[in-house]
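Written out below as structure tokens is the structure these notes cover.
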Amino acid sequence: MKMTQKELSHLVFLSEVVLTGKKKSLMEETLQCLLYIVKSLEEVELPDTVVNQIESLMAMIESDLRDENERMQEIRGHLDWTQKRKRNPPDVDRL
1 MKMTQKELSH LVFLSEVVLT GKKKSLMEET LQCLLYIVKS LEEVELPDTV
51 VNQIESLMAM IESDLRDENE RMQEIRGHLD WTQKRKRNPP DVDRL
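Residue 7 in the numbering used here sits at position 7 of the sequence shown; the count goes up by one each step and never skips.
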């Protein structure tokens, strides 16, 4: 099934409204629509400026996700360390 240019333009309009209006309650649905379209493409011809912008946004997303993952690993490590201390408290008599 093909989507017409009119349907795609309407999706672009809706996406821009959700993004610029910061409609967080609709962001997941908007991303899902855009993801379906992107997944269905084998390749797409885009202007260099658009590709540069996409690459910049992807780098930012990757960096933020990497930072978040590192923070979560630090938190888990700290929680594991505290749990071990609770299970194996230091022997006060030895001190």
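Heads up, the beta-carbon is just placed ideally off N, CA and C, and yes, glycines get one too.
Bear in mind the structure is a predicted one, so any value in this text is a computation, not a measurement.
Given a cut-off of 8 Å, decide if V44 and L30 are closer than it, judged by their beta-carbon atoms.
It should be pointed out that residue 30 corresponds to Thr in this sequence rather than to Leu. Taking 8 Å as the Cβ cut-off, T30 and V44 do not qualify as a contacting pair.
S15 and L34 - do their beta-carbons sit closer together than 8 Å?
yes
Reduced DSSP secondary structure (H/G/I, E/B, other) of N69:
helix
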